[in-house]
Each structure stands twice: as C-alpha cells, then as structure tokens.
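Residue numbers (the working numbering): 1297 to 1356. Have a look at the structure below before the remarks.
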C-alpha cells in the first residue's frame, strides 16, 4: 500500500499498470501530477523504469 495510503480520500489513484496498458487515462494536460509509489520488494523497483525505457525505444 505504501505512502498512497495517506492520500486524501478524494484523490484519484490509478495503478500505473492501468495507464501503461491504456485501460485508464494518465495525465490529460501539463498541470496534472503523477506520483509513482513503488512500495514493495527492492528487486521490483527497476522494472517499471525499464518498461518505460523500452516503450520509448531507449536502451541502456
């Protein structure tokens, strides 16, 4: 659950996986804010970044 458990009740919380798979809309304009709460096993932390780099066709 991580730090998002402290978000206000009216906050719109959407899993990043929903946005990346186009099942939910991410930011719709430049005034939107994205917060990525990566609470979990440390080994999992690099994978969202690697997935984004792959989607953007950027290699390390």
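All C-beta atoms, glycine included, are put in the ideal place defined by N, C-alpha and C.
Ends of the alpha helix (DSSP H) at residue 1347? Segment 1342-1351, the alpha helix (DSSP H) holding residue 1347.
Measuring straight from C-alpha to C-alpha, what distance separates residue 1299 and residue 1355? C-alpha separation (whole angstroms): 30 angstroms.
My output table needs one value for residue 1309: the three-state DSSP class, helix, strand or coil. It is coil, neither helix nor strand.
Using a Cβ-Cβ cut-off of 8 angstroms (strictly less than) and excluding sequence neighbours within five positions of residue 1303, which residues of its own chain qualify? Correct list, in chain order: 1309.
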